[in-house]
Amino acid sequence: MARFSFSSRLASAAALLLTSIPQLHVAQAQQIAYQNGLGLTPQMGWDNWNAFGCDISEELLLETAQKIVDYGLRDVGYHYIILDDCWSAGRSDNGTLQPNMTKFPNGMAYVADSLHNMSLGFGMYSSAGKLTCAQYAGSLGMEKQDAMTFAGWGVDYLKYDNCYNEGQEGNSMISYNRYKAMSDALNATGRPIFYSICNWGTDYPWNWAPTIANSWRIAGDIYDSFDRPDTRCPCTTWDCKLPGFHCSVMNILNKVAAFTDKGRVGGWNDLDALEVGNSGMTDDEYKLHMTMWALFKSPLILGTDITLLSPSTLSIIANPAILAISQDPAGKAAFRVWEKSPALVENNTYSTDLYTVGSTYFFTGQLTGGDFVIAFLNAGPTTQPMSATMNDIFVDQVTTGSSAPVPYLSVSWDVHDLWANRMPDSVASSILNGTFNNTSGANTDMLNGTAVPISYYYNSTHSSYEEGLAANNTALLGKKVGVLSPGGKVSASVAGHGVAAYRLRSQTMIPSASKMRRRKRDEL
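As structure tokens, this is what we get:
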């Protein structure tokens, strides 16, 4: 568990006209990427692949969907139920895709209708190749017909893979044209269908996918490991010719660090499905996994068996303070400010783990309403003290090229711990077994007809995360643990393979930054 502390020194107030912190709203933040009206925040849902692979059925999908409703996960935002590979029985004589009627005896429209009746979205899978990755019928060259089939079934989401593409890759234009064919076909159906490209980062989709898709994978397939290297995931940097699979959480985080800003409202960097709950990592590692996916604005797609959900897993994936970072309407991902090798950690008693990993990292990002999010990541095996100065936290505001005073440095900030109000296992257990009874007198909200303490859940079907943040909903802010004063720093004791994450909110008005010169990134 991270411990939090502050140090500060008095700073003289700047003799400048005071005004409110510049507000960062969706309309101002960034131009919407793929303009099909979807993906205004990173998508949330569940996909069967990580936990079940090809062992799928109508019963599995609908039972999982019902549990997602029963446990309140739909109400916190997990909307799409995504059927991955292995659902097909091939094509009919006229070329129309057919479902496997043994696995799906009532057909796909029935599955879609059942999910829609639960107020959930139906996601399906195909590949931009002649075959899918499991060697079922792919959609390359059949985009228009398949898009009409999906729309006719009531599909709301398409995960579109990259297997058996017949060599149609190798530069950005070739890959762009291949994936644009399905994008155009989906739009031509007239049905809003979330388009999720899964080409593993081949040909750098973050450069060309934003105008044709709502999300794009940036690396090889994840597996349930914090940092174990695997020869089947041979790359350790973003410039990768063989993305592979069995890529660890740290492998993926280090790859995306160079271009977290490529995701934006309407289109997102996809770090792959969450492994939280699949038993291959520790609780601290799963908290880190969830936190960093949220900070980097990756889709939050659950990949575990929901019917076997543990209390600790529920308390991680339903944490309202973390979900509020993911679903922040500004749509701006955090970025890495620094990395320190094991030899540079602050107490000089460093160590590395079994895989010689031990660096520490600091991240910062701007949120709606002038808030900031920061995170300390300790990739080493032992607890480490970590700290960040105000210049670290507000690095983009400090390095504008202007000689004007930096107003962010001259005010105090309330600091809210994003994990301090984590749901206790006792509460999570009672929710999972249907016996929760609020005897504490705590304020509650209703999720699927069950009253739960509002500090543990946020019902986004009652009001959106944007509305909750605007109303200063305390569940979304986290627990206030201190104040960062001018000239001070934020310090935390961070567990091995762990994270400490905080929301910063200004206490007072700050000097106007309207005339400060902002350096524009060439790539935007």
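For the sequence shown, the positions run -29 to -1, 1 to 495 when mature numbering (1 follows the signal peptide of the UniProt record, and there is no 0) is used. Here a beta-carbon is modelled for each residue, glycine too, at the ideal position from N, C-alpha and C.
Compute the Euclidean distance between the alpha carbons of residue i and residue j, then round it to the nearest angstrom.
i, j, result
"residue 511", "Phe75", "The structure shown does not extend to residue 511, since the chain is modelled only from -29 through 495, so no value can be given for it."
"Asn185", "Pro457", "40 Å"
"Ser196", "Gly274", "14 Å"
"Ala118", "Ile164", "9 Å"
"Tyr379", "Val454", "14 Å"
"Leu475", "Thr445", "13 Å"
"Ser110", "Asn349", "43 Å"
"Lys212", "Asp55", "25 Å"
"Ile168", "Pro270", "12 Å"
"Phe365", "Asp232", "16 Å"
"Gln1", "Gln355", "Summary for Gln1: the model assigns pLDDT 47, below 50, so the residue's position carries little reliability; its value from the coordinates is reported in the next sentence. Spanning the two alpha carbons is a distance of roughly 36 Å."
"Met95", "Ser383", "48 Å"
"Ala36", "Thr208", "37 Å"
"Thr202", "Ala359", "35 Å"
"Phe343", "Asp198", "28 Å"
"Glu30", "Phe230", "40 Å"
"Ser477", "Ala391", "20 Å"
"Val220", "Thr262", "12 Å"
"Phe267", "Ala301", "13 Å"
"Tyr147", "Gly10", "19 Å"
"Thr71", "Trp58", "Note on residue identity: the sequence assigns Asn, not Thr, to residue 71. Between Asn71 and Trp58, the C-alpha separation is close to 6 Å."
"Phe93", "Trp124", "9 Å"
"Thr253", "Gly112", "44 Å"
"Gly61", "Ala156", "20 Å"
"Gly136", "Ile145", "Rather than Gly, the amino acid found at residue 136 in this sequence is Asn. Their backbone Cα atoms lie some 11 Å apart in a straight line."
When you compare each of the options to residue i by their alpha carbons, which one comes out closest?
i, options, result
"Glu114", "Lys101, Asp299, Asn362, Ser281", "Lys101"
"Ile53", "Thr73, Met72, Pro176, His87", "His87"
"Ile288", "Trp58, Arg149, Ser154, Tyr429", "Tyr429"
"Ser90", "Met153, Val461, Lys450, Thr432", "Thr432"
"Ala292", "Asn148, Gly8, Lys258", "Lys258"
"Arg188", "Arg203, Asp241, Cys134", "Asp241"
"Glu140", "Glu246, Trp20, Tyr175", "Tyr175"
"Ser435", "Ser297, Val398, Leu266, Leu403", "Ser297"
"Leu279", "Tyr5, Ile39, Asn170, Leu9", "Ile39"
"Asn404", "Ser381, Ile277, Asp363", "Ile277"
"Pro181", "Thr370, Gly251, Tyr5, Phe407", "Tyr5"
"Ile183", "Ile345, Pro200, Tyr131", "Tyr131"
"Leu440", "Gly138, Asn65, Thr339, Tyr51", "Thr339"
Return the Cβ separation of residue i and residue j in integer angstroms, given the expectation that the two are a contact with Cβ distance under 8 Å.
i, j, result
"Val82", "Leu32", "6 Å"
"Gly215", "Pro352", "That belief does not hold up - the Cβ atoms of Gly215 and Pro352 are roughly 25 Å apart, past 8 Å."
"Tyr49", "Leu285", "Their Cβ separation, rounded to whole angstroms, is 12 Å, which puts Tyr49 and Leu285 out of contact at 8 Å."
"Leu465", "Phe347", "The sequence as given places Val at residue 465; Leu does not occur at that position. Correct: roughly 5 Å between the Cβ atoms."
"Val328", "Val386", "Val328 to Val386, Cβ: 28 Å. No contact."
"Asn225", "Cys204", "The Cβ separation is near 12 Å, so there is no contact."
"Ser97", "Leu129", "7 Å"
"Asn178", "Ser143", "6 Å"
"Ile27", "Asn19", "6 Å"
"Pro282", "Asp396", "4 Å"
Exercise for the section: Pick out the complete beta strand (DSSP E) segments inside the stretch 261 to 297, 3 residues or longer, and give them in chain order. Expected result: 271 to 273
Handout entry: Validate contact between the stretch 102 to 109 and the stretch 152 to 161 using beta carbons, cut 8 Å, 3 pairs
Key = no
Exercise for the section: Check whether the stretch 290 to 306 touches the stretch 326 to 336, counting contact only when three or more Cβ pairs, one atom from each stretch, lie closer than 8 Å. Expected result: yes
Problem - Segment contact, 8 Å Cβ cut-off, at least three pairs: the stretch 10 to 28 with the stretch 235 to 249 - result: yes
Handout entry: alpha helix (DSSP H) runs contained entirely in the stretch 183 to 248, provided each spans 4 or more residues
Key = 220 to 227
Handout entry: Every unbroken alpha helix (DSSP H) within the stretch 3 to 73, with a cutoff of 4 residues, ordered by chain
Key = 20 to 23, 29 to 41, 44 to 47
Exercise for the section: With a floor of 4 residues, list each alpha helix (DSSP H) that falls wholly inside the stretch 303 to 367, ordered by position along the chain. Expected result: 361 to 364
Practice task
Quick one: which unbroken alpha helix (DSSP H) runs of 4-plus residues sit fully inside the stretch 370 to 411? Chain order, please.
Solution key: 396 to 403
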